[in-house]
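Here the structure is laid out as structure tokens; the discussion comes afterwards.
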Amino acid sequence: MTARITIVTRTKSRPVFLARALDDIFAQTFQDFELVIVNDGGDPAAVEHLTSQRSQAEQARITTLHHAESVGMEAASNAGIKAGTGEFVVIHDDDDFWAPTFLERTVEYLDDPAHASDAGVMVRTEIVIEEIADGRIEPVRREIFWADLRQITLADMLRINRAVPISFLYRRSLHDAVGYYNEDLPVVGDWEFHLRVLSHSRVGFIDGEPLAFWSQRPESDGHDGNSIFAKAAEHARYDALVRDDHLRNEVAQGGMGTVLYLSRVLAEQEELIRAQERRLDETVAKLDQVLGRLDALNQTIITRTSVGEFLKKPLLLARKLGSRS
């Protein structure tokens, strides 16, 4: 029988994280899912050992794809998606995790006739800063990801990625409309996919307590690191390339008139901002001078007051002695 949800877990040489991910997935209150693990160039034996520890019923719902060499995050996602058949799809990377009701709440949302036109749904997400200590995952601190987020819009997504794969459950039919993940992108592939999704249809948002948790390890590198830190320069480069590709396509279809006009408006706004910054710098410099003068004056007053008080003491003492006699 076909499961309603295909969960795709990308992993590579991170057995500690994969073990936690398996516990997390099979602890969901909604159990009508299949799990496709994509081992993207890691040791097959380590993955097989972990899956063999699950119950027979759970093992029957797991499909494992082993890539002899890494094909990259987006190609791994596509391989996992195509290996599944679920009505809904979600990417659950090996180091991220969910609240137990994530699947239940998101499926319930998309099953609601009021949300029939939504291509998928994203949830309130929390960043969990972690570190690896003696082979254990230790949480360090937590913070809400985009605490001001109240809805998912293309306008916001154009500026910067406002979601991560662990937070997004969507309809499989979406791939027929917008295609799969762009395998030419070594990073920012999820953001580029979100742009195409939101260009095509709406995406819902479940607010409230976090239902998804994005694990980050700023101090880790190698297999235990996050690409957002380890490949920061690549993120900036491919962010620019994605924007340029989409702009090029837009110009090819509609000409440069609007783009040229908006570019000029943007340049003028940037010049206004720079002028404001220069005026602010000048104001700060003048304020520093005034504060310096006040500080010097204050020191002079303190010094004079102190000397005056010192000279007054003998006179006060003489007056007290005279009054006693």
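If you number the sequence shown the way numbering that gives the first Met the number 0 does, the last residue is 324 and the count never jumps. We treat Cβ as the ideally placed atom computed from N, Cα and C, and that holds for glycine. The model shown is predicted, which means the values in this text are computed figures rather than measured ones.
Buried or exposed: His91, going by 16 or more other Cβ atoms within 10 Å of its Cβ?
Classification of His91: buried, given that the 10 Å Cβ count is 16 or more.
Status (buried if at least 16 other CB within 10 Å, exposed otherwise) for Val264
Val264 should be labelled exposed.
Straight-line gap, Ala2 to His199 (C-alpha atoms, nearest Å):
Straight across, the Cα-Cα distance linking Ala2 with His199 is about 26 angstroms.
Going by the CB atoms, is the gap between Asn38 and Tyr180 shorter than 8 angstroms?
Contact: no.
I need the DSSP call for Trp145, collapsed to helix, strand or coil.
Coil.
Kindly indicate which three-state DSSP category Met121 falls into: helix, strand or coil?
Met121 falls in the strand class under three-state DSSP.
From the DSSP output, in three-state form, read off Gly85 for me.
In the structure shown, Gly85 adopts coil according to DSSP, grouped into three states.
Hey, is the region 181 to 199 in contact with the region 157 to 166, meaning 3+ C-beta pairs nearer than 8 angstroms?
The region 181 to 199 and the region 157 to 166 touch, with no fewer than 3 CB-CB distances between them shorter than 8 angstroms.
Check each candidate in His245, Tyr108 and Gly41 and name the one with the smallest Cα separation from Gly71.
Answer by Cα proximity: Gly41.
Per-residue burial, Tyr260 [other beta carbons within 10 Å of its own, 16 or more giving buried]:
Tyr260 counts as exposed, since fewer than 16 other beta carbons sit within 10 angstroms of its beta carbon.
State buried or exposed for Gln55, treating a residue as buried only when at least 16 other CB atoms are found within 10 Å of its CB.
Gln55 counts as exposed, since fewer than 16 other C-beta atoms from the protein chains shown sit within 10 angstroms of its C-beta.
Would you check if the distance between the CB atom of Trp97 and the CB atom of Ala18 is smaller than 8 angstroms?
Contact: no.
Below 6 angstroms CB to CB, which residues in the same chain sit around Ala75 once its five sequence neighbours on both sides are set aside?
Once the five neighbours on either side are set aside, the close Cβ partners of Ala75 are Arg9, Val37 and Asp39.
Could you check if Met255 is buried or exposed, using at least 16 other CB atoms within 10 Å of its CB as the buried criterion?
Met255 sits exposed, since fewer than 16 C-beta atoms from the chains shown fall within 10 Å of its C-beta.
DSSP three-state assignment for Ser12, whether helix, strand or coil
Three-state DSSP puts Ser12 in coil, outside helix and strand.
Only counting the same chain, and skipping five residues up and downstream in sequence, which positions put a Cβ closer than 8 angstroms to that of Leu390?
Because the chain spans 0 through 324 in this model, residue 390 falls outside it and cannot be assessed.
Buried or exposed: Gly203, going by 16 or more other Cβ atoms within 10 Å of its Cβ?
Buried: at least 16 other Cβ atoms inside 10 Å.
Run through the DSSP bridge pairs and tell me what Ser214 is partnered with.
Here Ser214 is bridged, per DSSP, to Val127.
Please identify the residue among Ser262, Thr257 and His193 whose C-alpha is closest to the C-alpha of Val241.
The alpha carbon of Val241 has as its nearest neighbour, out of Ser262, Thr257 and His193, the alpha carbon of His193.
Alpha carbons only, please: which of Gly119, Pro112 and Ala113 is nearest the one belonging to Thr105?
With distances taken between Cα atoms, Thr105 lies closest to Gly119.
If you draw a straight line from the alpha carbon of Glu33 to that of Arg53, how long is it in whole angstroms?
Approximately 14 angstroms between the Cα atoms of the pair.
Looking at Gly85 and Arg171, is the spacing between their C-beta atoms short of 8 angstroms?
At a Cβ-Cβ threshold of 8 angstroms, Arg171 and Gly85 count as neighbours.
When Ala231, Ala239 and Phe167 are compared against Phe87, the one with the closest alpha-carbon
Looking at Ala231, Ala239 and Phe167, the one whose alpha-carbon comes closest to that of Phe87 is Phe167.
Residues of its chain near Asp31, where Cβ-Cβ distance is below 6 angstroms and the 5 sequence neighbours each way are ignored:
Ala2 and Arg3.
If we cut at 8 angstroms on Cβ distances, does Leu279 have a partner in chain C?
In the structure shown, chain C does not exist; there is a single protein chain.
Smallest Cα separation from Gly207: which of Glu281, His114, Thr124 and Leu21?
Here the closest residue by C-alpha is Thr124.
Residue nearest to Leu182 in terms of C-alpha spacing, selected from Thr63, Ile205 and Glu73:
Here residue 182 turns out to be Glu, not Leu, going by the sequence shown. Among Thr63, Ile205 and Glu73, the Cα nearest to that of Glu182 is on Glu73.
In the DSSP assignment, the beta strand (DSSP E) including Lys38 goes from what residue to what residue?
Note that residue 38 is Asn in the sequence shown, not Lys. Phe32 to Asp39 is the span of the beta strand (DSSP E), which, as asked, contains Asn38.
Just reading off the beta strand (DSSP E) that Tyr169 is part of, what are its end residues?
First-last of the beta strand (DSSP E) with Tyr169: Phe167 to Arg170.
Excluding the 5 residues preceding and the 5 following Glu107 in the sequence, name in chain order all residues of the same chain whose CB lies nearer than 8 angstroms to its CB.
Within the same chain, Glu107 has no close Cβ partners at all.
Sheet register partners of Ile4 (DSSP bridge):
In the DSSP output, where bridge partners are listed per residue, Ile4 has Phe32 and Phe87.
For Phe96, write down the residues that DSSP places opposite it in a beta bridge.
Phe96 pairs with Phe212.
Measure from the alpha carbon of Arg13 to the alpha carbon of each residue in Arg135, Asn248 and Lys81, then state which is nearest.
The shortest C-alpha to C-alpha distance from Arg13 to any of Arg135, Asn248 and Lys81 is the one to Arg135.
Looking at the secondary structure, which residues open and close the alpha helix (DSSP H) in which Asp203 lies?
Per the sequence shown, residue 203 should be read as Gly rather than Asp. No alpha helix (DSSP H) contains Gly203, which is instead part of the beta strand (DSSP E) from Val202 to Ile205.
Answer yes or no: do Arg201 and Asp117 have a C-beta to C-beta separation smaller than 8 angstroms?
For Arg201 and Asp117, yes; Cβs fall inside 8 angstroms.
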